[in-house]
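Trainee: If you read the sequences in order, they're chains A and B. In terms of the working numbering, the first sequence opens at residue 1 and continues consecutively. In terms of the working numbering, the second sequence opens at residue 398 and continues consecutively. Let me begin by handing over the structure; questions about it come next.
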Amino acid sequence: MAGSAGSVCQTRRVFGVLIRIDSVTKRYPDGTIAVDRLSLEIPDRSITVLVGPSGCGKTTTLRMINRMVEPSEGTILLDGKDVQQQPVNALRRSMGYVIQNAGLFQHRTIVDNIATVPRLLGWNKHKARARAAELMKRVGLDASLAERYPYQLSGGQQQRVGVARALAADPPVLLMDEPFSAVDPVVRKGLQDELLRIQDELGKTIVFVTHDIDEAVKLGTMVAVMRTGGRLAQFAPPAELLSNPADAFVEDFLGADRGIRRLSFFPSAGLRLLTSPVVAVDATAEQIAARDTAGAPYLLVTDLDGRPLGWSEPGDLTAGDVRPERLLPHGRPFVAGTDSLRAALDCAVLSPTGWAVAVDAGGRVTGVVSQQAIAEAIRGAHAEGRADAAADAKAVR
Amino acid sequence: MNVLHFVQAFFSDGAHWHGYDGIPTRLMEHLTYSLEALALAAVIGLPIGLVTGHYNRGGTTLSLIATAGRALPSFGLLVLMTILIGFGMTPVMIPLVVLAIPPILVTTYEAVRSVDPSPVDAARGMGMPESRVLFQVELPVALPLILGGLRSAAIQIVSTATIAAYVSLGGLGRYIVDGLYQHNYEKVVGGATLVAVLALLTLGAFWAVARIAVSPGVRRSG
Numbered sequence: 001m002a003g004s005a006g007s008v009c010q011t012r013r014v015f016g017v018l019i020r021i022d023s024v025t026k027r028y029p030d031g032t033i034a035v036d037r038l039s040l041e042i043p044d045r046s047i048t049v050l051v052g053p054s055g056c057g058k059t060t061t062l063r064m065i066n067r068m069v070e071p072s073e074g075t076i077l078l079d080g081k082d083v084q085q086q087p088v089n090a091l092r093r094s095m096g097y098v099i100q101n102a103g104l105f106q107h108r109t110i111v112d113n114i115a116t117v118p119r120l121l122g123w124n125k126h127k128a129r130a131r132a133a134e135l136m137k138r139v140g141l142d143a144s145l146a147e148r149y150p151y152q153l154s155g156g157q158q159q160r161v162g163v164a165r166a167l168a169a170d171p172p173v174l175l176m177d178e179p180f181s182a183v184d185p186v187v188r189k190g191l192q193d194e195l196l197r198i199q200d201e202l203g204k205t206i207v208f209v210t211h212d213i214d215e216a217v218k219l220g221t222m223v224a225v226m227r228t229g230g231r232l233a234q235f236a237p238p239a240e241l242l243s244n245p246a247d248a249f250v251e252d253f254l255g256a257d258r259g260i261r262r263l264s265f266f267p268s269a270g271l272r273l274l275t276s277p278v279v280a281v282d283a284t285a286e287q288i289a290a291r292d293t294a295g296a297p298y299l300l301v302t303d304l305d306g307r308p309l310g311w312s313e314p315g316d317l318t319a320g321d322v323r324p325e326r327l328l329p330h331g332r333p334f335v336a337g338t339d340s341l342r343a344a345l346d347c348a349v350l351s352p353t354g355w356a357v358a359v360d361a362g363g364r365v366t367g368v369v370s371q372q373a374i375a376e377a378i379r380g381a382h383a384e385g386r387a388d389a390a391a392d393a394k395a396v397r
Numbered sequence: 398m399n400v401l402h403f404v405q406a407f408f409s410d411g412a413h414w415h416g417y418d419g420i421p422t423r424l425m426e427h428l429t430y431s432l433e434a435l436a437l438a439a440v441i442g443l444p445i446g447l448v449t450g451h452y453n454r455g456g457t458t459l460s461l462i463a464t465a466g467r468a469l470p471s472f473g474l475l476v477l478m479t480i481l482i483g484f485g486m487t488p489v490m491i492p493l494v495v496l497a498i499p500p501i502l503v504t505t506y507e508a509v510r511s512v513d514p515s516p517v518d519a520a521r522g523m524g525m526p527e528s529r530v531l532f533q534v535e536l537p538v539a540l541p542l543i544l545g546g547l548r549s550a551a552i553q554i555v556s557t558a559t560i561a562a563y564v565s566l567g568g569l570g571r572y573i574v575d576g577l578y579q580h581n582y583e584k585v586v587g588g589a590t591l592v593a594v595l596a597l598l599t600l601g602a603f604w605a606v607a608r609i610a611v612s613p614g615v616r617r618s619g
């Protein structure tokens, strides 16, 4: 099952395989099996997420890649070479390692923490610190923090230092073990966005362990869902995972709202936006009357710049005397084209009128769309998705 | 007469400030015994504590040794050693070292063992060799506690080194032993005061060492 899922994905893959985990088992002396005959091909220059409930062996799998744990059976190939044949410290220095609580050295300043691996590699102090300063900028840390100690930083800042330290020697591989689990949701979202941005710039091969399926879906190019007992349940890109869970376990793990979440992968660009139920705040009585027949029960009033003010029933609008405070709130608009169908649907559901407001990047209204229209777009997108999957399956055969 | 009079009388007597029985000589002798004993105890206790703490092994054995060491009466050991070995420095050093090893050994072990495991895991994961993990990651963080162990050992040595005088060696104990024998309480109190002052100076010295040696990052967060 794992093999067939993998081969389907291969046709979509732009990059090669960097890390090949080949029927690896980890058995502890007391007989516990942490990882059971796991095979996984981790693609180059992308984020592969290992996700699963606690005790599914995801962390053990990650730690076998840099030999923090030695497998009982099977092999792990890094760029075609067996990791167990390589000197362990040299191997680890070639991979960045980020852990849950950052694991910073409290007796060293931030800049010296980041310079750890370059110093281990024998760089001189000046060069290592210059590199560390460069990385602080890259992960969004202010240069004034360089000479501080870890206890002076917030949890989110400490984790950024952890990421910078892992990147310091520019390793091709980054291993991240639940790096963002210990920070609050707002900071976590910031760190996730930052990681995606850094990944866009650097193109590392990242293996990322998490127990949070939302994080997995958000970050992963490929997601490996593991089940208790150290078995692979499914290995697929997140959109495929959401549309096509391999079995009841994966479906259950994805949660009750996987249908909604899947909409994040569909663009809102195809939505048919209505511009007729939109009036400016200085509209004349004729203009209001003309808009009334537009096919929407409400009219959206905008300010003179085209930014949304709120909804009103057509009969309640008096030309020349529109009071923004009397309008129904328009809710959070979505950015047409940039945001996904999920964002559009969310706007429509939360809107008091049941209609979502679409804006451009500058916040000016480009149209409104009803829940029905969004539902139609969703049906259309699903149909396309099925056609794509069928085409892929054909391509494999 | 009260204690302060004794103290004043002892220190204002010019005869106590020079010669082989003068305060400078006795102080230097006392300091020498103490430093030698502390150095010996540290040479034995620190490496064992560091290694056992790093590998988190042997805790039970260590606490047994420590309890036994603490239970041994220093004075009894001194007499026994003098009978066995004869007069000299060795029978004095043995009880002092035995006294000082337990606090050094046990605190070092505990200090290294209780270092937060996540930086240690991070260090190994970055490819740091074990010796560097111990000396560059664990030791700096454990240092305040280790210095605390050395400090209590040092203070116990300074107070106990007075027993050297019982087996006809020098040190500040000389004043106490001789004073008691001669019923010269001025001397007894003077000697005891000097021991107390030396113990306080030892405290001060360790405070200064900690200021210099412990990273501000550890001092503030620890």
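Just so it is clear, CB atoms sit at the ideal spot from N, CA and C, and this is done for glycine as well.
1. Please list the partners that Ala90 of chain A has in chain B, where partner means a Cβ-to-Cβ separation under 9 angstroms.
2. May I ask you to list the residues that DSSP assigns as paired with Pro308 of chain A?
3. Please state whether the Cβ-Cβ distance between Val369 of chain A and Leu271 of chain A is less than 8 angstroms.
4. Have a look at the DSSP bridge pairing and note the partners of Val43 of chain A.
5. With three or more beta-carbon pairs closer than 8 angstroms as the criterion, would you say the segment 58-65 of chain A touches the segment 244-263 of chain A?
6. Quick check: is the beta carbon of Gln106 of chain A nearer than 8 angstroms to any beta carbon in chain B?
7. Cα separation between Glu384 of chain A and Leu241 of chain A?
8. Is DSSP giving Arg523 of chain B helix, strand or coil here?
9. Is it buried or exposed, Gly52 of chain A, if we count other Cβ atoms within 10 angstroms and call 16 or more buried?
10. Going along chain B, which residues have a C-beta under 8 angstroms from Ile99 of chain A?
11. Measuring only between beta-carbons, confirm whether Pro537 of chain B sits less than 8 angstroms from chain A.
12. Could you tell me the boundaries of the beta strand (DSSP E) in which Val359 of chain A lies?
13. When the Cα atoms are used, what is the spatial distance from Arg13 of chain A to Cys347 of chain A?
14. Does the beta-carbon distance from Thr557 of chain B to Leu597 of chain B come in below 8 angstroms?
15. With DSSP collapsed to three states, give me the class of Cys9 of chain A.
16. Any beta carbon of chain A sitting closer than 8 angstroms to that of Ala610 of chain B?
17. For the segment 345-364 of chain A, which residues have a CB atom closer than 7 angstroms to at least one CB atom of chain B, in sequence order?
18. Give me whichever residues DSSP pairs with Val207 of chain A in a beta bridge.
19. Excluding the five sequence neighbours on either side, which residues of its own chain have a C-beta within less than 7 angstroms of the C-beta of Thr559 of chain B, listed in chain order?
20. Quick check: the segment 154-162 of chain A against the segment 74-89 of chain A, are at least 3 beta-carbon pairs closer than 8 angstroms?
21. So who's on the other strand from Gln234 of chain A, going by DSSP bridges?
22. How many Å lie between Asp282 of chain A and Gly320 of chain A at the Cα?
23. In whole angstroms, give me the CA-to-CA distance for Ile420 of chain B and Asn124 of chain A.
24. Contact check, Val173 of chain A vs Met95 of chain A under 8 angstroms by CB: the rounded distance?
25. Which residues bound the beta strand (DSSP E) around Met95 of chain A?
26. Whether or not the segment 104-112 of chain A and the segment 129-144 of chain A are in contact is what I'm after, with contact meaning three or more pairs of Cβ atoms, one per stretch, closer than 8 angstroms; do they touch?
27. Is the beta carbon of Ala34 of chain A less than 8 angstroms from the beta carbon of Gly230 of chain A?
28. Rounded to the nearest angstrom, what separates Ala239 of chain A and Arg529 of chain B at their Cα positions?
29. Quick check on Ala336 of chain A: does DSSP put it in helix, strand or coil?
30. Suppose the cutoff is 8 angstroms on Cβ atoms and the five residues either side in sequence are ignored; what does the same chain contact list for Val503 of chain B look like?
31. If you drop the 5 nearest sequence neighbours on each side, which residues of the same chain put their C-beta closer than 7 angstroms to that of Arg397 of chain A?
32. Does Thr205 of chain A have its Cβ less than 8 angstroms from a Cβ in chain B?
33. Indicate whether at least one CB of chain A lies closer than 8 angstroms to the CB of Gly545 of chain B.
34. Which residues in the same chain have their Cβ closer than 7 angstroms to the Cβ of Leu304 of chain A, if we skip the five residues on either side of it in sequence?
35. Return yes when the Cβ of Arg323 of chain A is within less than 8 angstroms of the Cβ of Cys56 of chain A, no when it is not.
36. Helix or strand or just coil, what does DSSP make of Pro245 of chain A?
Mentor: So, from the data block:
1. Gly524
2. A:Thr302
3. yes
4. In the sequence as displayed, the identity of residue 43 of chain A is Pro instead of Val. In the DSSP output, where bridge partners are listed per residue, Pro43 of chain A has A:Val17.
5. no
6. yes
7. 16 angstroms
8. The amino acid at residue 523 of chain B is misidentified as Arg; the sequence shows Met. Three-state result, Met523 of chain B: coil.
9. buried
10. Ser515, Asp518, Ala519 and Gly522
11. yes
12. Trp355 to Val359
13. Any reading at Arg13 of chain A is ruled out, since the residue's pLDDT is 44, under 50, leaving its predicted position unreliable.
14. no
15. With a pLDDT of only 37 at Cys9 of chain A, under the threshold of 50, the placement of this residue in the model should not be trusted, and no figure is reported.
16. no
17. none
18. A:Thr48 and A:Leu175
19. Gly568, Leu569, Gly570, Ile573 and Val592
20. no
21. A:Val225
22. 6 angstroms
23. 52 angstroms
24. 4 angstroms
25. Met95 to Val98
26. yes
27. yes
28. 45 angstroms
29. coil
30. Gly446, Leu459, Ser460, Ala463 and Gly546
31. The predicted position of Arg397 of chain A is uncertain, since its pLDDT is 40 and thus under 50; a value taken from the coordinates is nonetheless stated next. Excluding positions up to five away in sequence, the list is empty.
32. no
33. no
34. Ala280, Val281 and Asp282
35. no
36. coil
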